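Here is the structure we will look at.
There are 2 protein chains.
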Amino acid sequence: MSSRGRPVATSHAEIERVAFRLFAERGFDAVTMADIAVEVGVGRRTLFRYFESKNDIPWGQFDRTLDGFRTILAEMPEDLPLHEAVHRGVRRFNEFPADAQASHRMRMRLILETPTLQAHSVLRYAEWRAVIEEHVAARLDLEPGDLLPRTVGNVALALAISAYEGWLADPDTDLAALLDEAMSGLRDYLR
Amino acid sequence: MSSRGRPVATSHAEIERVAFRLFAERGFDAVTMADIAVEVGVGRRTLFRYFESKNDIPWGQFDRTLDGFRTILAEMPEDLPLHEAVHRGVRRFNEFPADAQASHRMRMRLILETPTLQAHSVLRYAEWRAVIEEHVAARLDLEPGDLLPRTVGNVALALAISAYEGWLADPDTDLAALLDEAMSGLRDYLR
DNA sequence: ACACTAATGGCACCGAGCGCCAAAAAGATA
DNA sequence: TATCTTTTTGGCGCTCGGTGCCATTAGTGT
Chain Z
1489 MSSRGRPVAT
1499 SHAEIERVAF
1509 RLFAERGFDA
1519 VTMADIAVEV
1529 GVGRRTLFRY
1539 FESKNDIPWG
1549 QFDRTLDGFR
1559 TILAEMPEDL
1569 PLHEAVHRGV
1579 RRFNEFPADA
1589 QASHRMRMRL
1599 ILETPTLQAH
1609 SVLRYAEWRA
1619 VIEEHVAARL
1629 DLEPGDLLPR
1639 TVGNVALALA
1649 ISAYEGWLAD
1659 PDTDLAALLD
1669 EAMSGLRDYL
1679 R
Chain H
1489 MSSRGRPVAT
1499 SHAEIERVAF
1509 RLFAERGFDA
1519 VTMADIAVEV
1529 GVGRRTLFRY
1539 FESKNDIPWG
1549 QFDRTLDGFR
1559 TILAEMPEDL
1569 PLHEAVHRGV
1579 RRFNEFPADA
1589 QASHRMRMRL
1599 ILETPTLQAH
1609 SVLRYAEWRA
1619 VIEEHVAARL
1629 DLEPGDLLPR
1639 TVGNVALALA
1649 ISAYEGWLAD
1659 PDTDLAALLD
1669 EAMSGLRDYL
1679 R
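Residue numbers (our numbering), protein chains in the order written: chain Z, 1489 to 1679; chain H, 1489 to 1679.
Now the structure itself:
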């Protein structure tokens, strides 16, 4: 019932592993899809069936984590102030088990420090922001397209990126602490 | 002294005009650089000497406006609270004479609603954010790379984009008013 | 007329990405 | 065992953005 037809030749995970290795060795821009294909042992054409674009490889299965984010926000206590709920949600979303830290740092370094990827990532961020917008809109009885939900989504992303940049700059810092610091810095600044 | 050698065949302004017309007619992605070259009456190769990339055409001479932005911020009264100075600076930077509104709206619509350009624009935004970061760092006696200046830069951009999106959605609104509204919305939200 | 200079634009090339389609490799069926 | 069905693979050829190279062009200055 399940597996008919020709078996798959590779997997998202394998491609990701190989690609990350090559990116680390030569830099993102110097690695071609053909290079990756050879190294994986698969046709170039096939790579494009696993990842829409070369830029999407570093993002992996990001879209599937967004459902988790939605759940996190939905389960926040109702009596929490909205900004606190969103902030804690963002913090939770960016928690990773200790053994995943190293690879997560590598992935984020690639995404945040490669200009090509910085640009492409906006499209991914948009989906993440939409999750926040929808949550804020629902709690305030507004539409997701309204100014305030939009603003909150954009600002939440601004804080997250600021924290991530700090985290990448100094390996000894804690991402959650930086998120808190960015938030409290902003509040003081606006006072 | 001044003009030796073969005279130029076109100008940034002319290319921009032609390109915008074609973008409006067929959509950004459906217009190739070859199309623009033909319409301008110039070689394709020459286009790339005037604009680094197709994505840069809608941004025009943006980098040259950044000096103006720097000046605007530098000339803000010292006794103004920093967040107020930055906010007013952003508002001033986005003031356009009445007769330029229509074309500015068109440009921003292109930039903010075309996915390809949304992505590319991050790189332009980075230069804009850097102006704010430097100003904030200078006033607070910090480094531009420090968390707070970074955060302020990112948040200022977040507010500006939110306002622009609202402005594009409703042609009757005033951009300056939307910037104010986004800012006050954020302050209330964080309270 | 001749040298000099700077922009032009043609050519060939690379890499991402896509449509198309024949071939491969399995399970199902007889 | 042989054939049918299903699904993935991967090769081919194309478009388009972008770049390096270089001869050509169209001016200015002497």
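Just so you know, even glycine gets a beta-carbon here, dropped at the ideal spot from N, CA and C.
It should be emphasised that the depicted structure is a prediction, and the values quoted were computed from it without experimental measurement.
| Check | Outcome |
| --- | --- |
| Opening and closing residue of the alpha helix (DSSP H) in which Z/Ser-1609 lies | 1603–1628 |
| Assigned exposure category for H/Ala-1497 - 16 Cβ within 10 Å defines buried | exposed |
| Neighbour-count burial assignment, H/Thr-1520, 16 or more Cβ in a 10 Å radius | exposed |
| Span separating the alpha-carbon of Z/Gly-1531 from that of Z/Leu-1600 | 29 Å |
| Chain H contact for Z/Ile-1649 (CB, 8 Å cutoff) | yes |
| Presumed contact (8 Å Cβ cut-off) between Z/Thr-1639 and H/Ala-1670, rounded CB distance | 5 Å |
| H/Ala-1665 at chain Z interface by Cβ criterion, 8 Å | no |
| For Z/Ala-1573, three-class secondary structure by DSSP | helix |
| Residues of the stretch 1566–1593 of chain Z whose Cβ lies closer than 8 Å to any Cβ of chain H, in chain order | Leu-1570, His-1571 |
| Residue span of the alpha helix (DSSP H) that contains Z/Thr-1559, given as start and end | 1550–1562 |
| Beta-carbon proximity check, H/Glu-1572 vs H/Ile-1545, cutoff 8 Å | no |
| Contacting residues, own chain, Cβ-Cβ under 7 Å from H/Ala-1501 (five flanking each side not counted) | none |
| Identity of the residue in H/Leu-1674, H/Arg-1494, H/Leu-1666 nearest H/Asn-1582 by Cα | H/Leu-1666 |
| Beta-carbon proximity of Z/Leu-1605 to Z/Leu-1611, cut-off 8 Å | no |
| Residue environment, Z/Glu-1653, which counts as buried when at least 16 other CB atoms sit within 10 Å | buried |
| Residue-level contact to chain Z via CB, H/Val-1619, 8 Å cutoff | no |
| Pick from H/Ser-1609, H/Arg-1617, H/Gln-1589, H/Asp-1634 that is closest to H/Pro-1659, judged by C-alpha positions | H/Gln-1589 |
| Alpha helix (DSSP H) segments (min. 4 residues) lying fully within the stretch 1519–1551 of chain H | 1521–1528, 1532–1538 |
| Min CB distance H/Gly-1654 to chain Z below 8 Å | yes |
| Chain H contact residues for Z/Thr-1639, given Cβ-Cβ distances below 8 Å | Ala-1646, Leu-1647, Ser-1650, Ala-1670, Gly-1673, Leu-1674, Tyr-1677 |
| Nearest to H/Leu-1647 (by Cα), restricted to the options H/Glu-1566, H/Ala-1525, H/Arg-1675, H/Gly-1548 | H/Arg-1675 |
| Sub-8 Å separation of Z/Asp-1551 and Z/Glu-1615 beta-carbons | yes |
| H/Thr-1602 and H/Phe-1536 closer than 8 Å at C-beta | no |
| CB contact below 8 Å: H/Pro-1546 versus chain Z | no |
| For H/Phe-1557 and H/Arg-1579, the rounded distance between their alpha carbons | 10 Å |
| Beta-carbon proximity check, H/Val-1619 vs H/Leu-1568, cutoff 8 Å | no |
| Contacts that H/Pro-1603 makes with chain Z (C-beta to C-beta distance below 7 Å) | Leu-1611 |
| Separation of H/Glu-1513 from H/Thr-1661, as counted between CA atoms | 26 Å |
| Assigned secondary structure, H/Met-1489 (DSSP; H/G/I helix, E/B strand, else coil) | Low confidence applies here, because H/Met-1489 scores a pLDDT of 49, under 50, leaving its location unreliable; read the following figure in that light. Three-state result, H/Met-1489: coil. |
| Any C-beta of chain H under 8 Å from that of Z/Met-1489 | Confidence in Z/Met-1489 is poor, its pLDDT being 49 and thus under 50, which makes the residue's placement too unreliable to answer from. |
| Inter-residue spacing [alpha-carbon to alpha-carbon] between H/Ala-1657 and Z/Glu-1631 | 13 Å |
| Delimiting residues of the alpha helix (DSSP H) encompassing H/Thr-1639 | 1635–1657 |
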